[in-house]
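Trainee: Residue numbers (my numbering): 2 to 94.
Shown next, in the form of structure tokens:
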């Protein structure tokens, strides 16, 4: 999973649109990560086709998405992988 895909799934635990996800990612990472519009919307489109997120509705010309059950499973696997990586790095350090 790409870093962008991870952030999108993480943010879409609550409904959101591309711009709101971009802002949440900046906030979560203390402005260390910024996702360009092209990357964001390309990834949203691919993730929707892959069944990881779904279109909910349109508000003021913005597409609102939510995570699907499959997306939650993938996010859970990825979170466990990252936690394991962090734990292992702490044990070795």
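Positions of the beta carbon are idealized from the N, C-alpha and C atoms, including for glycine. Every value quoted in this text rests on a predicted model; they were computed, and no experiment measured them.
Tell me whether residue 57 sits in a helix, a strand or coil according to DSSP, three-state version.
Mentor: strand
Trainee: Let me know the secondary structure DSSP gives residue 24 once reduced to three states.
Mentor: helix
Trainee: Would you kindly check if the distance between the Cβ of residue 18 and the Cβ of residue 50 is under 8 Å?
Mentor: no
Trainee: Can you name, in chain order, every residue of its own chain whose Cβ lies under 8 Å from the Cβ of residue 72, other than the five neighbours on each side?
Mentor: 10, 13, 48, 52, 53, 54
Trainee: For residue 19, name the three-state secondary structure that DSSP assigns.
Mentor: helix
Trainee: Going straight from the alpha carbon of residue 57 to that of residue 16, what length do you get?
Mentor: 8 Å
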